[in-house]
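In my numbering, the protein residues as written are 4 to 152.
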């Protein structure tokens with residue numbers, strides 16, 4: 004004769020299943036919160052690398068031409084390997100310029116200027132140049148950046 008203790012079936016209890024589901028849900032929540040910031044940081048890093056490459060190409064062009072700044076993007080765009088931007092995203096201007104606010108829009112090379120506040124430029128010497136661009140921040144905002152060459 005079998006007792007109830009001997010007839011115990013093997014399997015998981017509902018509590019065990021709920022604990023496993025709760026842990027899996029917590030892991031999924033962490034992943035979904037972390038992925039967008041990782042993607043944003045990756046894009047921002049690529050933007051910064053592109054700007055460094057463009058400034059390097061401008062510097063090389065200036066060095067090869069007796070200190071003369073380029074007058075058009077076409078004078079150095081063959082020397083730039085871009086990852087995030089394309090050559091069409093690079094523009095050139097002179098003098099005082101407002102900050103670039105769209106991180107997907109452009110890298111602006113500004114000649115005859117130096118960095119001011121808030122990503123804008125101020126008048127500099129004729130031999131100075133800067134790059135203006137923007138990066139993404141958390142919460143959907145953007146931060147304008149001005150980097151001197």
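The C-beta atom is built at its ideal place from N, Cα and C for all residues, glycine as well.
Bear in mind the structure is a predicted one, so any value in this text is a computation, not a measurement.
Residues bridged to residue i [DSSP beta-bridge criterion]
i           : result
residue 132 : 114
residue 150 : 134
residue 153 : For residue 153 there is no data in the structure shown, the boundaries of the chain being 4 and 152.
Range covered by the beta strand (DSSP E) that runs through residue i
i           : result
residue 48  : First-last for residue 48: 17 to 67, but that is the alpha helix (DSSP H), not the beta strand (DSSP E).
residue 95  : 93 to 97
residue 124 : 124 to 126
Residue i versus residue j - alpha carbon distance
i           : j           : result
residue 127 : residue 72  : 13 Å
residue 112 : residue 96  : 6 Å
residue 57  : residue 18  : 59 Å
residue 104 : residue 74  : 24 Å
residue 29  : residue 47  : 28 Å
residue 22  : residue 107 : 43 Å
residue 52  : residue 35  : 27 Å
Three-way DSSP call (helix, strand, coil) for residue i in this model
i           : result
residue 100 : coil
residue 77  : helix
residue 89  : coil
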